Amino acid sequence: MDVIELTRRLIRFDTVNPPGREDACARFVGQQLKAGGFNVSYHAFAPGRTSLIAHSPVTDDEDAPIVLSGHLDTVPLGSAPWRHDPLAADLLDGKIYGRGASDMKAGVAAMVMAALVEGPQVPVTLVISAGEETGCEGARFLAAEQRLPMQARALVIGEPTANQPLIGHKGALWLELEATGRSAHGSQPELGDNAIHKAAEAVNRLAHYRFDGFSHPLLGKPSLNVGTIQGGSNINSVPDRALIGVDIRSVPGLGHNVLRQDLEALCGDLVRFRNLTDMEGFASDPQDPWIQMVSKLVTPYVEELPVPRAAPYFTDAAPLAAACNRPPTILLGPGEPSQAHQTDEYVFTRRIEDALAIYRKILRS
Ligand SMILES: [Zn+2]
């Protein structure tokens, strides 16, 4: 089986998330790697939601592995009709069509094939995760269970970048803020305690929050958006509860705990805070020798010379990098960034071959 055929085989597993059902696909990938001499283990964060870890049986502690990682789940098909069966993996004019073709079964296939071709004597660990699209549940489970290497030489996430290395992305801290009060008849508001007034005051303070002018050299400024507000049940009552949804996109250097404490202090006792999503970002140093090596290495394969760039979305990079002692980390994969989550999603076969060559060079470096 070559890397193109492996990509097509992976697309034919239905791993649409929700519900996910990555198990069969994970077992298939695991069988290939086991047959190639790798140690394989399976880890399900919920029934059928299986991630796998495969590592070369190299015991030398001096040799921290390169970690190659990709996710098996895909986003749903969407409501628009597909011209190509999303699970058939049609091969046409140098493209493979299907859900997950770009995001990111082609990336997983190229990583698996690179490990198989280079062989188990190369220090490499493959982390193939479930449940990435809905909040990195698989990768976070592996980190919490301490299944990941404590040290990694470098970390590569095969997200669709058209083989361009991206060296960072923002984090996401989503908060629910709850204001509470006391209900009373709307004609006698002085007898109640208005939760919407408190929520409004909190929103007003948040709207003027500026993160102390903090800016990251690669990722720029963090941002805060109040995305939802709900409260009150009828117009002639004093509301006793109101909820605010806040979406913060953070940058490394602003720890989420510190950020939340700062916002709690800003809002005083107007609201109570609850985390909905808590994913830190990451940024690699553009001057790091390994990052520079990869930039040089990909030059023959990409249309534009690599410059330090970041991704707009978040990925498994953050939980994996944190678990592996923050090695130099990149996103690099054969999928087209414009194709992720699209109807009639496709991937160019040429890019898959190139990604295989790039991953092999990374493993040999
Ligand atoms: Zn993805």
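According to the numbering used here, the sequence shown is numbered sequentially starting from 317.
Think of the CB as a built atom: it goes at the ideal place given N, C-alpha and C, for glycine as much as any other residue.
The structure displayed is predicted, hence computed values, not measured ones.
Let me confirm a value: Pro533 is counted as buried when at least 16 other C-beta atoms fall within 10 Å, else exposed. Which label applies?
exposed
Sub-8 Å separation of Glu492 and Gly561 beta-carbons:
yes
Across which residues does DSSP place Arg680 in a beta bridge pair?
None; Arg680 has no bridge partner.
Own chain residues within Cβ distance below 7 Å of Glu434, not counting five before or after:
Arg676, Leu679 and Arg680
Distance check for Ala671 and Val623, CA to CA, integer angstroms please.
18 Å
I want to know whether the stretch 636-645 touches the stretch 458-476 - three or more CB-CB distances under 8 Å.
yes
Along the chain, where does the beta strand (DSSP E) containing Met595 start, and where does it finish?
Arg588 to Met595
With respect to 7 Å, is the separation between the Cβ of His485 and the closest non-hydrogen atom of ligand 1 below this value?
no
Met317: buried (16+ other C-beta within 10 angstroms of its C-beta) or exposed?
exposed
With distances taken from CA atoms, which of Ile668, Val424 and Leu535 is nearest Gly410?
Ile668
With Val345 as the anchor, note down where its alpha helix (DSSP H) starts and where it stops.
Asp339 to Ala351
Indicate whether Pro363 and His371 have their beta-carbon atoms separated by less than 8 Å.
no
How would you call Gln462, buried or exposed, if buried means at least 16 neighbouring beta carbons within 10 angstroms?
exposed
Beta-carbon spacing of Asp604, Ser385 below 8 Å
no
Between Gly416 and Thr496, is the Cβ-Cβ spacing less than 8 Å?
no
Please classify Ser357 as buried or exposed, where buried requires at least 16 neighbouring CB atoms within 10 angstroms.
exposed
Short check: CB of Trp398 to CB of Asp660, under 8 Å?
yes
What runs of the alpha helix (DSSP H), each 4 residues or longer, lie entirely inside the stretch 447-500?
453-460
Please determine, among Phe361, Leu403, Glu475 and Leu349, the residue with the shortest C-alpha to C-alpha distance to Ala430.
Leu349
Classify Ser503: buried if its beta carbon has 16 or more other beta carbons within 10 angstroms, exposed otherwise.
exposed
Taking DSSP as the reference, what is the three-state secondary structure of Thr323?
helix
Please go through the stretch 539-588 and give each complete beta strand (DSSP E) segment of 3 or more residues, from N-terminal end onward.
539-547 and 557-566
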